[in-house]
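Q: For the protein sequence lines, the chains are B and V, in the order given. Each residue of the first sequence is one higher than the one before, starting from 5 at the first, in the numbering used here. Each residue of the second sequence is one higher than the one before, starting from 5 at the first, in the numbering used here. Pasting in a structure now, in structure tokens, and then I'll have a few things to ask.
Protein chains: 2
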Amino acid sequence: MIKEYPFFDEQIYQQQLTNGLQLIFIPKNGFKRSFVFFASHYGAAMNRFIPKGEKAYWDAPLGIAHFLEHQLFTMPDGQDASELLAKLGLDSNAFTNYSLTGYLFNGSDNILKGLTLLLDFVQTPHFTEKNVLKEQGIIAQELKMFLDRPGDALHYGLMQNMFFEYPLKHDVGGTLASIKDITAAHLRTCYRTFYQPANMTIIIVGDLNNIFKQEASFSDLVDFVSEHQKTKKFGKTTEIIVDYPQEPDFVRTNYDEKTMEITVPRAAVGLKIPFANLDFNQSMLLELRLKILLEANFGTSTDVYQEMLDQALIQSGIATEVYHDGKTGYVKISANTEQPQAFVKFVQERLLSLSQFQLDLLTFERFKKALIGNFIRALNSFEFLAVGYLEYQYRNSNLFAALQMSEDLTLEDLSSVQKYFTEDKLTSFIIFPNQSSLSKKASLE
Amino acid sequence: MIKEYPFFDEQIYQQQLTNGLQLIFIPKNGFKRSFVFFASHYGAAMNRFIPKGEKAYWDAPLGIAHFLEHQLFTMPDGQDASELLAKLGLDSNAFTNYSLTGYLFNGSDNILKGLTLLLDFVQTPHFTEKNVLKEQGIIAQELKMFLDRPGDALHYGLMQNMFFEYPLKHDVGGTLASIKDITAAHLRTCYRTFYQPANMTIIIVGDLNNIFKQEASFSDLVDFVSEHQKTKKFGKTTEIIVDYPQEPDFVRTNYDEKTMEITVPRAAVGLKIPFANLDFNQSMLLELRLKILLEANFGTSTDVYQEMLDQALIQSGIATEVYHDGKTGYVKISANTEQPQAFVKFVQERLLSLSQFQLDLLTFERFKKALIGNFIRALNSFEFLAVGYLEYQYRNSNLFAALQMSEDLTLEDLSSVQKYFTEDKLTSFIIFPNQSSLSKKASLE
Numbered sequence: 005m006i007k008e009y010p011f012f013d014e015q016i017y018q019q020q021l022t023n024g025l026q027l028i029f030i031p032k033n034g035f036k037r038s039f040v041f042f043a044s045h046y047g048a049a050m051n052r053f054i055p056k057g058e059k060a061y062w063d064a065p066l067g068i069a070h071f072l073e074h075q076l077f078t079m080p081d082g083q084d085a086s087e088l089l090a091k092l093g094l095d096s097n098a099f100t101n102y103s104l105t106g107y108l109f110n111g112s113d114n115i116l117k118g119l120t121l122l123l124d125f126v127q128t129p130h131f132t133e134k135n136v137l138k139e140q141g142i143i144a145q146e147l148k149m150f151l152d153r154p155g156d157a158l159h160y161g162l163m164q165n166m167f168f169e170y171p172l173k174h175d176v177g178g179t180l181a182s183i184k185d186i187t188a189a190h191l192r193t194c195y196r197t198f199y200q201p202a203n204m205t206i207i208i209v210g211d212l213n214n215i216f217k218q219e220a221s222f223s224d225l226v227d228f229v230s231e232h233q234k235t236k237k238f239g240k241t242t243e244i245i246v247d248y249p250q251e252p253d254f255v256r257t258n259y260d261e262k263t264m265e266i267t268v269p270r271a272a273v274g275l276k277i278p279f280a281n282l283d284f285n286q287s288m289l290l291e292l293r294l295k296i297l298l299e300a301n302f303g304t305s306t307d308v309y310q311e312m313l314d315q316a317l318i319q320s321g322i323a324t325e326v327y328h329d330g331k332t333g334y335v336k337i338s339a340n341t342e343q344p345q346a347f348v349k350f351v352q353e354r355l356l357s358l359s360q361f362q363l364d365l366l367t368f369e370r371f372k373k374a375l376i377g378n379f380i381r382a383l384n385s386f387e388f389l390a391v392g393y394l395e396y397q398y399r400n401s402n403l404f405a406a407l408q409m410s411e412d413l414t415l416e417d418l419s420s421v422q423k424y425f426t427e428d429k430l431t432s433f434i435i436f437p438n439q440s441s442l443s444k445k446a447s448l449e
Numbered sequence: 005m006i007k008e009y010p011f012f013d014e015q016i017y018q019q020q021l022t023n024g025l026q027l028i029f030i031p032k033n034g035f036k037r038s039f040v041f042f043a044s045h046y047g048a049a050m051n052r053f054i055p056k057g058e059k060a061y062w063d064a065p066l067g068i069a070h071f072l073e074h075q076l077f078t079m080p081d082g083q084d085a086s087e088l089l090a091k092l093g094l095d096s097n098a099f100t101n102y103s104l105t106g107y108l109f110n111g112s113d114n115i116l117k118g119l120t121l122l123l124d125f126v127q128t129p130h131f132t133e134k135n136v137l138k139e140q141g142i143i144a145q146e147l148k149m150f151l152d153r154p155g156d157a158l159h160y161g162l163m164q165n166m167f168f169e170y171p172l173k174h175d176v177g178g179t180l181a182s183i184k185d186i187t188a189a190h191l192r193t194c195y196r197t198f199y200q201p202a203n204m205t206i207i208i209v210g211d212l213n214n215i216f217k218q219e220a221s222f223s224d225l226v227d228f229v230s231e232h233q234k235t236k237k238f239g240k241t242t243e244i245i246v247d248y249p250q251e252p253d254f255v256r257t258n259y260d261e262k263t264m265e266i267t268v269p270r271a272a273v274g275l276k277i278p279f280a281n282l283d284f285n286q287s288m289l290l291e292l293r294l295k296i297l298l299e300a301n302f303g304t305s306t307d308v309y310q311e312m313l314d315q316a317l318i319q320s321g322i323a324t325e326v327y328h329d330g331k332t333g334y335v336k337i338s339a340n341t342e343q344p345q346a347f348v349k350f351v352q353e354r355l356l357s358l359s360q361f362q363l364d365l366l367t368f369e370r371f372k373k374a375l376i377g378n379f380i381r382a383l384n385s386f387e388f389l390a391v392g393y394l395e396y397q398y399r400n401s402n403l404f405a406a407l408q409m410s411e412d413l414t415l416e417d418l419s420s421v422q423k424y425f426t427e428d429k430l431t432s433f434i435i436f437p438n439q440s441s442l443s444k445k446a447s448l449e
């Protein structure tokens, strides 16, 4: 099936193979480079589920999706798949987020060989206690490194304040304690459940004539992947049942702090977006509405931003972030600041005033156009396009249809998110320099 | 792709064809009879949408999906498709509800010929102003007949009380006024948008060896339908964007009444289920929870039922209904009663008490088992199985997965629906006999 999005000059070829695997091709004619993405709809937010073949929910150890991603690169013969891809001249990578695990590579030649290898290593699970033990050491190092980064510490501090149970409060990688609980049997359970072909998608972005090194069409790609899949045996497809914890609309706690080895304090203010299962495309439109409000209030062109500079509440800049996963999410505003409490107070007051905020039509249209324009430009990245398309699909949105709808967003539509800006949904987190870093700073000055 | 549901001894074969059409086959080995169902995910609830190729929402005249269903039977050469199916010995029918339009037939022979004819007439739109005019007369008659039926009048009276805008308040067929507005151009717009192959599903239930009159597998069926689809031309697939009006949690009005030519008054009490987009399978589980509560309170084996008989609040019986479409829905309790006001008062008080109602574990398990058992027995009907499977899919449920989950429902789970039983969600509607029917009754006695 071909879907056309003439407004964006994009076409999407989409076909579900007989084993359930979804194959998506996005043509970029004339490009030498191709991007190949193989994803499981399995992320860190899906930590409580009914394992395939069982009848009761299981709470998996935190971080297991990410752990599984690491383990799959180790092939049964001990070789590392990323090295084999590198030998083909392909630049590979993998990542796990809250909604998916993705394996990917980029390159100009050997795309079909790379695709075969990618399918092979992801679809050949091989978990041993020995490998798990080794991986536990590697991931523990990775987690410790994350924990030492002030940006991550600030983020998860804020998320811990915000959420009672929702998985966004946990690092995708889990905790030092949780990864120690992971066994090879656990990995097999997760793999069996979430790596069924019907839960997976291949997305290829590029020029089929370059990929096949001869004139080729989407049906050649379908045939190529279908033939490969016939060489594999898969169990029967089962529905995957995940339990996402429902969150209260209010934050767990409205403030917390910690100290770290930094020189300038860091502060973040967060707003929790109420839990809901949104209609088709509404998740993406919700994000856009919030981004317009933030841009109009904290953007570098605003009086507010100038005021924060004048009062020395911020030094070099301010970061704003809006995230919604289809059910819940957050707004985050953070900065490096010598006056963290004053920064928090200022931002919170400003956020609370947004429930009454009136934007004029011209400014609204300007910010809307700018945000949509930025988004469309970002789609020039093959990776952003492929991963974004899939993530919006998982969020019950279609990237292009939602973009089309977003053009019709009106000033009045903003009011639907303005009701979120209430005291009980606000929280803040501050990281202060600890004594040792303060004395270091003193000696530097 | 094959999905197996060993607990229910069912298998589902599912394949999306290259033009987007979903093909589902449910094997019933050894059965001579087959059931064939061709559905568009287009029902009376989808009355506000962005027409294919356009950029703004359109409010279609009420009843247009049903009108379209009628019109498709008229083939370009003037023949009636149902007569052609009858000539093949096939028993055909069609219906429109809030979520789908379905065309179906049953039979033992000529199944493949019938399938070809079914695909042909549904996929050959032919709308003329002359045919539309003729149909307006036919449907007006149908609507008048519906309006005269006390059961329908009671139902839509209650729905009008309950909903502000949600389409459940309107008869699927529309109104006498709305169908007059329908034009051939409107029908083409709806057809173009909702009858895209990617929005349609073929479900066949039966024995492939009987259907093909030789040993055959699912891939033969896929090939058969694929070959047929190659003879047709379809436009590019586009996302369908429907706007479902959001409803307040409370009812529009808590009482209304009318008179009709009946001898015994009729009364209905309704409870509105709050608007929400539910998680996977939750819509079906919500219905089950409510059904258990109703069965435990108004079932024929209960003391309450006996009390209503003793007080002559009901005569011959009481009807309970639970409906949820994935977003909203209702509980309806109705009866023929000589004391309609007393019946309403009694039922409403009982419903309000349900917020505090405590069921004992044994009774809970008994009702749960009975309801699930009834449901599973109903699946013996090919039609119930096929239509049910699809409707649950549209409601973000999988029939078998939800049934499996429903076995694990606990007594504590009931509390999640008990909060619905509040005054502001209750409404009632009464139909009294009008003067002429009362005098008729008097003369009969």
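Every residue gets a Cβ at the ideal spot worked out from N, C-alpha and C, and that includes glycine. Quick caveat, the model's predicted, so the values are computed rather than measured.
Going by Cα to Cα distance, which pick from V/Glu427, V/Asn400, V/Gln362 is closest to V/Val351?
A: Measuring from the Cα of V/Val351, the nearest candidate turns out to be V/Glu427.
Q: How about B/Ile28 and B/Gln18: are their beta carbons less than 7 Å apart?
A: Against a cut-off of 7 Å, the Cβ pair of B/Gln18 and B/Ile28 comes out as a contact.
Q: Taking three-plus beta-carbon pairs below 8 Å as touching, is the segment 5-15 of chain B in contact with the segment 195-206 of chain B?
A: Touching, no.
Q: To test your reading of the DSSP string, which unbroken alpha helix (DSSP H) runs of 4 or more residues are found completely within the segment 179-243 of chain B?
A: Correct list: 180-184, 188-198, 212-216, 222-234.
Q: How would you call B/Leu104, buried or exposed, if buried means at least 16 neighbouring beta carbons within 10 angstroms?
A: Buried, by the Cβ-count rule.
Q: Give a yes or no on whether the minimum CB-CB distance between V/Glu243 and chain B is below 7 Å.
A: Yes, its Cβ sits closer than 7 Å to a Cβ of chain B.
Q: With burial defined as no fewer than 16 other Cβ atoms inside 10 Å of the residue's Cβ, what is the status of B/Asp227: buried or exposed?
A: The residue is exposed, with fewer than 16 neighbouring Cβ atoms inside 10 Å.
Q: 7 Å is my cut-off, CB to CB: does B/Lys240 come that close to chain V?
A: Cβ-Cβ to chain V under 7 Å: yes for B/Lys240.
Q: Along the segment 278-309 of chain V, where does the CB come closer than 9 Å to a CB of chain B? Name the residues.
A: Of all residues in the segment 278-309 of chain V, Ala280, Asn281, Leu282, Asp283, Phe284, Asn285, Gln286 have a Cβ within less than 9 Å of some Cβ in chain B.
Q: Listing by chain order, which chain B residues have their CB less than 8 Å from the CB of V/Phe23?
A: Reading the sequence as shown, one finds Asn at residue 23 of chain V and not Phe. Met5, listed in chain order.
Q: For V/Asp283, report the span of its alpha helix (DSSP H) as first-last.
A: Careful: V/Asp283 lies outside any alpha helix (DSSP H) and carries neither H nor E.
Q: Please classify V/Asn110 as buried or exposed, where buried requires at least 16 other C-beta atoms within 10 Å of its C-beta.
A: Buried.
Q: So is B/Arg301 buried or exposed if we call it buried at 16+ other beta carbons inside 10 Å?
A: Arg is not the amino acid found at residue 301 of chain B; the sequence shown has Asn there. Buried.
Q: Within 10 angstroms of the Cβ of V/Ile322, are there 16 or more other Cβ atoms? Answer buried if so, exposed if not.
A: By the neighbour-count rule (16 or more Cβ atoms within 10 Å), V/Ile322 is buried.
Q: Looking at the strands, I want to know which residues DSSP matches up with B/Asn110.
A: Paired residue(s): B/Phe39, B/Asp95.
Q: Can you tell me whether V/Met163 is buried or exposed? The criterion is at least 16 other CB atoms within 10 Å of its CB, across all chains shown.
A: It counts as buried.
Q: Report yes or no: is there a C-beta of chain V within less than 7 Å of the C-beta of B/Gln127?
A: Judged by the 7 Å Cβ criterion, B/Gln127 is not in contact with chain V.
Q: Give the single residue among V/Gln315, V/Leu89, V/Thr132, V/Asp247 whose Cα lies nearest to the Cα of V/Gln345.
A: Of the candidates V/Gln315, V/Leu89, V/Thr132, V/Asp247, the one whose C-alpha sits nearest the C-alpha of V/Gln345 is V/Gln315.
Q: Are at least three pairs of beta-carbons, each pair with one atom in the segment 160-180 of chain B and one in the segment 244-261 of chain B, less than 8 Å apart?
A: Touching, yes.
Q: For a cutoff of 7 Å on Cβ pairs, would you count B/Asn535 as touching chain V?
A: Residue 535 of chain B lies beyond the stretch modelled for chain B, which goes from 5 to 449, so this question has no answer here.
Q: Identify whether V/Thr120 lies in helix, strand or coil by the three-state DSSP scheme.
A: It is helical.
Q: Going by C-alpha to C-alpha distance, which of V/Gln408, V/Gly67, V/Gly274, V/Arg37 sits closest to V/Leu191?
A: Selected option, being the one with the closest Cα: V/Gly67.
Q: Listed in chain order, which residues of the segment 314-343 of chain B have Cβ atoms closer than 9 Å to some Cβ of chain V?
A: Answer in chain order: Lys331.
Q: For a test of your reading of the model: does the CB of B/Arg399 fall under 6 Å from any non-hydrogen atom of the ligand PLP? Yes or no.
A: Absence of the ligand PLP is noted for the structure shown, with no ligands found whatsoever.
Q: Against chain V, with Cβ distances strictly below 7 Å, would B/Glu8 count as a contact?
A: Closer than 7 Å: yes.
Q: Which of helix, strand or coil does DSSP assign to V/Glu449?
A: Low confidence applies here, because V/Glu449 scores a pLDDT of 43, under 50, leaving its location unreliable; read the following figure in that light. DSSP places V/Glu449 in coil when its eight states are reduced to three.
Q: With DSSP as the reference, label V/Arg52 as helix, strand or coil.
A: Strand, per DSSP.
Q: Within 7 Å of any Cβ in chain B, is that where the Cβ of V/Ala390 sits?
A: Judged by the 7 Å Cβ criterion, V/Ala390 is not in contact with chain B.
Q: Along chain B, which residues have their Cβ under 8 Å away from the Cβ of V/Lys59?
A: Those are Gln408, Glu411, Asp412, listed as they occur along chain B.
Q: Report yes if the C-beta distance between B/Gly24 and V/Met5 is below 7 Å; otherwise report no.
A: Contact: yes.
Q: What do you get for V/Glu395, buried or exposed, if any count of 16 or more other CB atoms within 10 angstroms of its CB means buried?
A: Buried, since its Cβ has 16 or more Cβ neighbours within 10 Å.
Q: Is V/Ser440 close to chain B, meaning its C-beta is less than 7 Å from at least one C-beta of that chain?
A: So no, V/Ser440 is outside the interface.
Q: Strictly below 8 Å CB to CB, what residues from chain V border B/Ala98?
A: In chain order: nothing, as chain V lies at least about 26 Å away.
Q: With 16 other CB atoms within 10 Å as the buried threshold, where does V/Asn33 fall?
A: Exposed, because fewer than 16 other Cβ atoms sit within 10 Å of the Cβ of V/Asn33.
Q: Grab the span of the beta strand (DSSP E) containing B/Ile266 for me, first residue to last.
A: Note, B/Ile266: premise wrong, no beta strand (DSSP E); not H, not E.
Q: Report, in whole angstroms, the separation of the C-beta atoms of B/Ala49 and B/Asp329, which I expect to be a contact under 8 Å.
A: Indeed, because the Cβ distance is near 7 Å, the residues count as touching under 8 Å.
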